[in-house]
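Student: I'd like to ask some things about the structure below.
Number of protein chains: 2
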Amino acid sequence: MAKFHRDTLNLVPFVSVDNMMKLILHIGVEETMAGIAEAIEEDFVRWELFDKTPRVASHSAEGVIELMPTSDGEVYGFKYVNGHPKNTKDGMQTVTAFGLLADVANGYPVLLSEMTILTALRTAAMSAVAAKYLAPKNAKTMAIIGNGAQCEFQALAFRKICGIENVRLYDTDPKATEKAMFNLQNSGLNLTSCSTGEDCVAGADIITTCTADKQYATILTDNMVGSGLHINAIGGDCPGKTELHKDILYRSEIFTEFTPQTRIEGEIQQLPEDYEVTELWEVMSGKKDGRKSDGQITLFDSVGFAVEDFSALRYIYQAIQGTQFYEDLDMLADPDDPRDLYGMVQRAAKQNMTAAE
Amino acid sequence: MAKFHRDTLNLVPFVSVDNMMKLILHIGVEETMAGIAEAIEEDFVRWELFDKTPRVASHSAEGVIELMPTSDGEVYGFKYVNGHPKNTKDGMQTVTAFGLLADVANGYPVLLSEMTILTALRTAAMSAVAAKYLAPKNAKTMAIIGNGAQCEFQALAFRKICGIENVRLYDTDPKATEKAMFNLQNSGLNLTSCSTGEDCVAGADIITTCTADKQYATILTDNMVGSGLHINAIGGDCPGKTELHKDILYRSEIFTEFTPQTRIEGEIQQLPEDYEVTELWEVMSGKKDGRKSDGQITLFDSVGFAVEDFSALRYIYQAIQGTQFYEDLDMLADPDDPRDLYGMVQRAAKQNMTAAE
Chain U
91 MAKFHRDTLN
101 LVPFVSVDNM
111 MKLILHIGVE
121 ETMAGIAEAI
131 EEDFVRWELF
141 DKTPRVASHS
151 AEGVIELMPT
161 SDGEVYGFKY
171 VNGHPKNTKD
181 GMQTVTAFGL
191 LADVANGYPV
201 LLSEMTILTA
211 LRTAAMSAVA
221 AKYLAPKNAK
231 TMAIIGNGAQ
241 CEFQALAFRK
251 ICGIENVRLY
261 DTDPKATEKA
271 MFNLQNSGLN
281 LTSCSTGEDC
291 VAGADIITTC
301 TADKQYATIL
311 TDNMVGSGLH
321 INAIGGDCPG
331 KTELHKDILY
341 RSEIFTEFTP
351 QTRIEGEIQQ
361 LPEDYEVTEL
371 WEVMSGKKDG
381 RKSDGQITLF
391 DSVGFAVEDF
401 SALRYIYQAI
411 QGTQFYEDLD
421 MLADPDDPRD
431 LYGMVQRAAK
441 QNMTAAE
Chain S
91 MAKFHRDTLN
101 LVPFVSVDNM
111 MKLILHIGVE
121 ETMAGIAEAI
131 EEDFVRWELF
141 DKTPRVASHS
151 AEGVIELMPT
161 SDGEVYGFKY
171 VNGHPKNTKD
181 GMQTVTAFGL
191 LADVANGYPV
201 LLSEMTILTA
211 LRTAAMSAVA
221 AKYLAPKNAK
231 TMAIIGNGAQ
241 CEFQALAFRK
251 ICGIENVRLY
261 DTDPKATEKA
271 MFNLQNSGLN
281 LTSCSTGEDC
291 VAGADIITTC
301 TADKQYATIL
311 TDNMVGSGLH
321 INAIGGDCPG
331 KTELHKDILY
341 RSEIFTEFTP
351 QTRIEGEIQQ
361 LPEDYEVTEL
371 WEVMSGKKDG
381 RKSDGQITLF
391 DSVGFAVEDF
401 SALRYIYQAI
411 QGTQFYEDLD
421 MLADPDDPRD
431 LYGMVQRAAK
441 QNMTAAE
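Note that the protein sequences, when read in sequence, are chains U and S.
For the first sequence, the working numbering assigns the number 91 to the initial residue and increments by one for each residue that follows.
For the second sequence, the working numbering assigns the number 91 to the initial residue and increments by one for each residue that follows.
Here it is in structure tokens:
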């Protein structure tokens with residue numbers, strides 16, 4: 091990443107929700123995810139450079155608030171994200187998020203951005219990148235079980251990045267499937283609405299599970315998963331929340347983002363602590379194999395990691411340059427003399443009086 | 091703290107640097123610090139309720155970027171703060187900061203604020219609160235060694251909260267002292283510019299050390315500190331940075347904010363790890379004594395802790411209600427249907443087209 095350029099030290103570019111929507115519509119939703127996917131691949135190849143602090147969680151009876159920091163030595167980033175499963179019944183989002191990038195050389199923030207939408211994009215981009223390395227060759231059909239907020243982004247990312255042509259949709263709530271069918275009607279994908287999970291996975295090369303708000307659910311049972319498939323397991327992403335029957339895990343080669351975190355939050359919390367898994371960065375950097383044979387079942391046990399948010403913010407930082415899709419926030423005090431903070435406040439008083447005269 | 095009231099779910103009140111200056115000038119700098127001091131006392135009395143996570147630091151050759159989170163079970167807060175000693179030579183601040191409060195019940199942020207100025211105010215407010223419990227009775231004279239960005243705030247907080255009338259100023263750079271003399275000329279304090287540290291402490295009841303950018307400096311030597319004084323040691327605040335000669339520490343009763351952090355960052359990093367110190371919250375809540383005798387030397391080994399930032403943000407959250415000193419940031423995505431994030435993006439596209447027609 092090139093060194094940050096700053097015209098004015100005190101202003102931090104801010105991408106609001108409105109500007110994020112405008113930006114990704116300007117670029118195109120699929121193209122944005124392709125750009126984020128590229129940034130993720132660049133960062134996963136240089137994985138060992140990153141400062142991989144575990145997320146800092148503050149738990150309460152209602153949910154969790156987390157800070158997810160990371161740094162590559164030149165750029166620092168963190169995401170604030172909450173998870174409150176019961177919010178939906180009050181018309182609020184289960185998850186909201188925002189993030190920040192800063193220049194490691196001087197500690198000054200260089201980007202503040204909404205990340206509720208951006209996290210949805212990076213999660214789908216990450217899934218598609220993993221599938222590029224793990225899915226069966228010429229995969230054309232994906233089943234998506236769970237048709238909530240993440241569903242459409244998954245479908246479009248896999249179309250753009252992995253060449254998926256057919257998407258089969260299933261949700262226990264038929265209205266969620268209707269919503270996804272409607273939203274994807276002009277996407278160029280062949281869509282099939284399914285009435286059971288078993289129906290949904292019929293003929294699929296890739297199975298994506300992205301259900302929410304279930305404790306130790308079993309979205310996929312062992313008999314639903316034939317040989318040669320790739321499973322993209324999104325929904326099992328916190329302690330006590332999993333989607334796959336344990337037997338499927340034992341039949342699969344399992345791939346993770348950052349294993350210490352996945353053991354706590356992912357599907358593999360069902361397995362012994364020393365069960366062998368492969369980290370995706372090892373596959374992307376050529377250190378280990380991805381898919382080894384046509385008959386193998388591959389499983390991406392997705393939980394989301396700070397480096398992916400870093401990649402997404404880095405992409406957005408580049409994407410807004412020269413556009414009107416951000417505003418400048420007066421977030422950093424910048425006195426003429428750094429030792430004279432009090433004088434700056436006093437001079438502000440004088441300016442206010444002059445302005446009032 | 092009363093439950094947060096939100097008219098619009100997606101908007102987060104933001105206090106910019108400009109608005110922070112206007113707000114504290116509107117309230118008054120001293121009155122603002124008195125308000126923050128009151129919030130600190132309220133929070134220190136209920137200290138045991140707080141989730142006291144250690145700060146999360148990302149170190150580099152040039153400096154450090156830290157996240158300082160805490161929560162009282164109802165409200166969550168964190169501060170982003172950097173420390174880059176070499177920034178000053180490039181005309182940048184050594185320290186910049188911003189902070190956030192969120193509602194623990196739903197995880198939604200309720201306040202984003204600049205904290206470069208606010209941290210200066212809370213640091214001085216914290217010092218004055220500590221002195222209220224520790225300084226000799228009827229203390230009227232304070233020596234301030236180090237006349238940088240923190241100096242004036244310390245002088246004014248001690249005037250307002252502890253009744254200090256005389257301030258003696260000394261800095262190795264006479265220009266810093268001139269700046270402070272100029273800034274405080276109409277403060278009502280009797281000011282004396284001193285040419286040596288020894289001269290500065292003559293006749294003082296309280297000695298404040300707030301120098302910067304020195305490794306293991308000795309601002310105060312043992313012979314400079316007579317019996318019965320209170321020492322307010324601000325500048326020793328990171329590993330390898332201290333201001334007081336070790337012998338002074340052995341003659342003093344030492345008071346800390348959060349001892350595990352002070353042992354790493356404060357003056358007491360010079361002492362054995364099990365050296366007995368008293369936490370200020372214990373004094374404020376009546377569990378332990380503050381000053382025990384007239385002849386005792388008391389020492390507040392200040393490093394700054396997350397709970398103080400929480401108190402300061404909590405004060406600002408209340409202070410901006412009903413004022414124009416904040417703006418609303420469109421920071422949180424708020425779709426009509428929480429499961430329909432993609433649909434929200436698509437509808438934004440249609441609105442944009444309609445607007446363009």
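Using N, Cα and C, we set each Cβ at its ideal position, and we do this for glycine too.
1) Could you tell me the distance, in whole angstroms, from the CA atom of U/Ala221 to the CA atom of U/Cys252?
2) What does DSSP give as the partner residues of S/Tyr166 in its beta bridges?
3) DSSP three-state call for S/Arg258: helix, strand or coil?
4) Using a Cβ-Cβ cutoff of less than 6 angstroms, which residues in the same chain neighbour S/Asn237 once the five nearest sequence positions on both sides are dropped?
5) Does S/Met111 have its Cβ less than 9 angstroms from a Cβ in chain U?
6) Per DSSP, which residues does S/His320 bridge with? Please list them.
7) In this structure, how does DSSP classify S/Leu370 when only helix, strand and coil are distinguished?
8) Using a Cβ-Cβ cut-off of 9 angstroms, state whether S/Arg429 counts as contacting chain U.
9) With a threshold of 9 angstroms between beta carbons, is U/Cys284 in contact with chain S?
10) Taking contact to mean at least 3 C-beta pairs separated by less than 8 angstroms, is the region 184–199 of chain S in contact with the region 418–429 of chain U?
11) If you count every other CB in all the chains shown that lies within 10 Å of the CB of U/Asp426, and 16 or more means buried, which is it?
12) Does any CB atom of chain U fall closer than 9 angstroms to the CB of S/Glu398?
13) Let me see if you follow: with CB-CB separation under 9 angstroms, is S/Ser401 close to chain U or not?
14) I'd like the span of the beta strand (DSSP E) that includes S/Ala233, first residue to last.
15) Where do the ends of the beta strand (DSSP E) carrying S/Ser283 lie?
16) Determine the contact status of S/Lys227 and S/Ile254, defining contact as a CB-CB distance below 9 angstroms.
17) Would U/Cys63 pass as an interface residue toward chain S - the criterion being a Cβ-Cβ separation below 9 angstroms?
18) According to DSSP, which residues form a beta bridge with S/Pro199?
19) Have a look at U/Ile155 and U/His149 and give me their C-alpha separation to the nearest angstrom.
20) Measuring only the C-alpha atoms, how far is U/Met448 from U/Asp312?
21) Using C-beta distances below 8 angstroms, list every residue in its chain close to U/Asp391, excluding the 5 sequence neighbours before and after it, in chain order.
22) For the region 187–200 of chain U, list every residue whose C-beta sits within 8 angstroms of some C-beta in chain S, in sequence order.
23) Would you say S/Lys269 faces chain U, with C-beta separation under 9 angstroms as the test?
24) Taking Cβ positions only, does S/His320 come closer than 9 angstroms to chain U?
25) By the criterion of Cβ-Cβ separation under 8 angstroms, what are the contact partners of U/Val165 in chain S?
26) Where does S/Asp424 sit, in a helix, a strand or coil, going by DSSP?
27) Let me know the secondary structure DSSP gives S/Ala307 once reduced to three states.
28) What three-state label does DSSP hand S/Ala462 in the structure shown?
29) Are three or more beta carbon pairs between the region 127–141 of chain S and the region 106–117 of chain S nearer than 8 angstroms?
30) Pick out whichever of U/Asp263, U/Ala195, U/Ala214, U/Val219 has its Cα sitting closest to the Cα of U/Ser375.
31) Using a Cβ cut-off of 7 angstroms, pull out every chain S residue sitting near U/His174, in sequence order please.
32) Under 8 angstroms: do the region 192–211 of chain S and the region 396–412 of chain S share three or more Cβ pairs, one atom per stretch?
33) Would you list the residues sitting across from S/Leu105 in a DSSP beta bridge?
34) Which residue's Cα is closest to the Cα of U/Ser401: U/Ser317, U/Val102, U/His116, U/Met123?
35) Using the Cα positions of U/Asp430 and S/Cys284, report the straight-line distance between them to the nearest angstrom.
36) What's the gap between the Cα of S/Gly153 and the Cα of U/Gly167?
Tutor: On the basis of the data shown:
1) As a first step, residue 221 of chain U must be located in the first sequence, where it is residue number 131. As a first step, residue 252 of chain U must be located in the first sequence, where it is residue number 162. Between U/Ala221 and U/Cys252, the C-alpha separation is close to 7 angstroms.
2) Start at 1 with the first residue of the second sequence, and residue 166 of chain S comes out as number 76. BP columns for S/Tyr166 point to S/Ser161, S/Ala192.
3) The sequence position of residue 258 of chain S within the second sequence is 168, counting from 1. Looking at S/Arg258 - three-state DSSP - the assignment turns out to be strand.
4) Against the second sequence, residue 237 of chain S aligns to sequence position 147. Setting aside the 5 residues that flank it on each side, S/Asn237 is surrounded in the same chain by Leu259, Asp261, Ala266, Thr267, Ala270, each with a C-beta closer than 6 angstroms to its C-beta; the list follows chain order.
5) Mapped onto the second sequence, residue 111 of chain S falls at position 21. At least one chain U Cβ lies under 9 angstroms of S/Met111.
6) In the second sequence, the residue the question calls residue 320 of chain S occupies position 230. Under DSSP, S/His320 shares a beta bridge with S/Ile296, S/Thr388.
7) For the purposes of this step, residue 370 of chain S is taken as the residue at position 280 of the second sequence. DSSP, read as helix, strand or coil, puts S/Leu370 in helix.
8) Within the second sequence, the letter at position 339 stands for residue 429 of chain S. Taking Cβ atoms only, chain U reaches closer than 9 angstroms to S/Arg429, which makes this a yes.
9) Walking along the first sequence from the start, residue 284 of chain U turns up at place 194. Interface residue (Cβ-Cβ distance to chain S less than 9 angstroms): U/Cys284 is not classified as such.
10) Judged by pairs of C-beta atoms under 8 angstroms, the region 184–199 of chain S touches the region 418–429 of chain U, as three or more such pairs exist.
11) For this step, residue 426 of chain U is matched to residue 336 along the first sequence. Exposed, by the Cβ-count rule.
12) Mapped onto the second sequence, residue 398 of chain S falls at position 308. Closer than 9 angstroms to the CB of S/Glu398 there is not a single CB belonging to chain U.
13) Reading the second sequence from its first residue, position 311 is the one you call residue 401 of chain S. Taking a beta-carbon distance threshold of 9 angstroms, S/Ser401 does not count as an interface residue toward chain U.
14) For this step, residue 233 of chain S is matched to residue 143 along the second sequence. Judged by DSSP secondary structure, S/Ala233 falls within the beta strand (DSSP E) whose first and last residues are 231–235.
15) Locating residue 283 of chain S in the second sequence gives position 193, counting from the first residue. That run of the beta strand (DSSP E) goes 280–283.
16) In the second sequence, counting from the first residue as 1, residue 227 of chain S sits at position 137. In the second sequence, counting from the first residue as 1, residue 254 of chain S sits at position 164. No, the pair does not count as a contact, with Cβ atoms beyond the cut-off.
17) In the structure displayed, chain U extends from 91 to 447; residue 63 of chain U sits before or after that span and is not available.
18) The count along the second sequence starts at 1 and reaches residue 199 of chain S at position 109. Answer is S/Ala192, bridged to S/Pro199.
19) Taking the first sequence and counting its residues from 1, the one referred to as residue 155 of chain U is at position 65. Taking the first sequence and counting its residues from 1, the one referred to as residue 149 of chain U is at position 59. Straight-line Cα distance between these residues: approximately 7 angstroms.
20) Examination of residue 448 of chain U is not possible in this model, given that chain U is present from 91 through 447 alone.
21) Against the first sequence, residue 391 of chain U aligns to sequence position 301. Residues Ala323, Gly326, Ile344, Phe345, Thr346, Thr352, Gly356, Glu357, Ile358, Val367 of the same chain have their beta carbon placed closer than 8 angstroms to that of U/Asp391, with the five preceding and five following residues left out of the count.
22) Under the 8 angstroms Cβ criterion, the region 187–200 of chain U contributes Phe188, Leu190, Ala192, Val194, Ala195, Asn196, Gly197, Tyr198, Pro199.
23) Residue mapping note: residue 269 of chain S aligns to position 179 of the second sequence, counting from 1. Interface criterion met: the Cβ of S/Lys269 is under 9 angstroms from a Cβ in chain U.
24) Position 230 of the second sequence, counted from the first residue, corresponds to residue 320 of chain S. No, because no Cβ of chain U sits closer than 9 angstroms to the Cβ of S/His320.
25) Along the first sequence, read from residue 1 onward, the residue named residue 165 of chain U stands at position 75. Within 8 angstroms Cβ-Cβ: nothing; U/Val165 doesn't reach chain S, min ~11 angstroms.
26) Against the second sequence, residue 424 of chain S aligns to sequence position 334. Here S/Asp424 sits in coil by DSSP.
27) Here residue 307 of chain S refers to the residue found at position 217 of the second sequence. If DSSP states are grouped into helix, strand and coil, S/Ala307 belongs with coil.
28) Beyond the ends of chain S as shown, which are 91 and 447, falls residue 462 of chain S; an answer cannot be given.
29) Counting Cβ pairs under 8 angstroms, fewer than three are found: no touch.
30) On the first sequence, position 285 is the one that residue 375 of chain U refers to. Cα-wise, what sits closest to U/Ser375 is U/Val219.
31) Here residue 174 of chain U refers to the residue found at position 84 when the first sequence is read from its first residue. Correct list: Asn196, Gly197.
32) Taking 8 angstroms as the limit for Cβ pairs, the verdict is that the region 396–412 of chain S does touch the region 192–211 of chain S.
33) Your numbering for residue 105 of chain S matches position 15 in the second sequence. Strictly speaking, residue 105 of chain S in this sequence is Val, with Leu absent from that position. Partner(s): S/Ser203.
34) Taking the first sequence and counting its residues from 1, the one referred to as residue 401 of chain U is at position 311. Taking only the C-alpha atoms, the option nearest U/Ser401 is U/Met123.
35) Within the first sequence, numbered from 1, the residue matching residue 430 of chain U stands at position 340. Within the second sequence, numbered from 1, the residue matching residue 284 of chain S stands at position 194. Cα-Cα distance, rounded: 19 angstroms.
36) The residue labelled residue 153 of chain S in the question sits at position 63 within the second sequence. The residue labelled residue 167 of chain U in the question sits at position 77 within the first sequence. Rounded to the nearest whole angstrom, the C-alpha separation of S/Gly153 and U/Gly167 is 15 angstroms.
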